[in-house]
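Enquirer: Dropping the structure in here first, questions after.
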Amino acid sequence: MELSYFIGIIGFLLYESILYIHTHKKAKKLKSEIYAKLGHIDIDSKLIVDMDFINKKNKIIKKFKIIYLIPILFTLGMSIFIAFNYNQLPDSIATHWNINGSPDVFIDKSFLNVFKLIGTDFCLMVLLYITSIGSIKSRIKIDTNRIEESRVENIKYLNKIGYCFNIDDYNDNTVFTTLLSIKQNYQLL
183 MELSYFIGII GFLLYESILY IHTHKKAKKL KSEIYAKLGH IDIDSKLIVD
233 MDFINKKNKI IKKFKIIYLI PILFTLGMSI FIAFNYNQLP DSIATHWNIN
283 GSPDVFIDKS FLNVFKLIGT DFCLMVLLYI TSIGSIKSRI KIDTNRIEES
333 RVENIKYLNK IGYCFNIDDY NDNTVFTTLL SIKQNYQLL
């Protein structure tokens with residue numbers, strides 16, 4: 183079962199990579215054809231370096247770096263807690279619950295099975311951390327015709343991106359948290 187998921191994910195990633203390379207080559211070819219026909223095109227453009235915007239953006243990045251560390255630290259703490267209480271875990275651990283909240287899928291207790299869930303959670307948290315900070319750091323263009331409004335809109339946009347990733351981060355942490363598995367053994371909590 184897990185092997186089929188792995189093969190499916192790898193297949194999808196290969197397909198997307200091939201699609202990206204193919205599209206990238208077509209775009210480069212089209213660009214070179216246009217450049218060969220028209221030559222160099224002069225386009226009037228303005229470059230504005232807004233230090234106030236950059237400072238606000240850097241504050242947002244620092245804020246979300248700290249906020250995104252909370253689930254990672256929670257996962258690390260959960261790993262330590264489970265490592266110390268490994269012997270008290272039940273012999274079968276629930277990994278899935280039905281719509282009524284009753285466990286319906288169990289795995290046997292083994293060091294690998296227990297920490298595989300936590301490792302998946304930790305890897306997902308780190309991946310979301312990198313992706314979200316990268317998204318907030320992405321280049322933002324400010325409209326030169328309405329600088330102040332554009333600056334305010336972009337700051338709001340960056341905050342919204344940050345909070346959306348934050349919600350996703352906490353939801354994923356809740357889904358993957360192994361403490362839900364441990365709740366079957368009440369003496370641990």
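According to my numbering, the sequence shown is numbered sequentially starting from 183. The beta-carbon is built from N, C-alpha and C at its ideal position, and this holds for glycine as well.
#1: What's the call for Asn-355, buried or exposed, on a 16-neighbour Cβ count within 10 Å?
#2: Could you check which residue in Pro-253, Asp-350, Ile-262, Val-231 has the C-alpha nearest to that of Lys-323?
#3: Could you tell me which of Lys-239, Tyr-352, Lys-319 sits nearest to Phe-304, measuring between CA atoms?
#4: Using only the alpha-carbon positions, how far apart do Lys-291 and Thr-257 sit?
#5: Short check: CB of Phe-235 to CB of Ile-315, under 8 Å?
#6: How big is the Cα-Cα spacing for Ile-189 and Glu-198?
#7: Just to confirm my understanding: we take Phe-347, look at its own chain, exclude 5 residues before and 5 after, and list those with CB closer than 6 Å. What are they?
#8: Closest to Ile-248 by CA distance: which of Ile-312, Glu-330, Asp-325 is it?
#9: Find out if the Cβ-Cβ distance for the pair Met-124, Ile-203 is shorter than 8 Å.
#10: Taking the beta strand (DSSP E) that Pro-272 belongs to, which residues open and close that run?
#11: Ignore the nearest five residues each way along the sequence and tell me which others in Ile-343's own chain have a CB closer than 8 Å to its CB.
#12: Between the beta-carbon of Asn-280 and the beta-carbon of Asp-286, is there less than 8 Å?
#13: Would you report the Cα separation of Leu-201 and Ile-264, rounded to the nearest angstrom?
Expert: Let me lay it out:
#1: Result: buried.
#2: Taking each of Pro-253, Asp-350, Ile-262, Val-231 in turn and checking the Cα distance to Lys-323, the smallest one comes out for Val-231.
#3: Taking only the C-alpha atoms, the option nearest Phe-304 is Tyr-352.
#4: The alpha-carbon of Lys-291 is positioned some 19 Å away from that of Thr-257.
#5: Using a Cβ distance threshold of 8 Å, Phe-235 and Ile-315 do not count as a contacting pair.
#6: Between Ile-189 and Glu-198, the C-alpha separation is close to 14 Å.
#7: Result list for Phe-347: Ser-314, in chain order.
#8: Ranking Ile-312, Glu-330, Asp-325 by Cα distance to Ile-248 puts Ile-312 first.
#9: Residue numbering for the chain in the displayed model covers 183 to 371; residue 124 lies beyond these limits and cannot be assessed.
#10: For Pro-272, no beta strand (DSSP E) segment is defined, and its DSSP state is neither H nor E.
#11: Hits under 8 Å: Ser-314, Ser-317, Ile-318.
#12: In terms of Cβ geometry, Asn-280 and Asp-286 form a close pair [threshold 8 Å].
#13: The alpha-carbon atoms of Leu-201 and Ile-264 are separated by roughly 42 Å.
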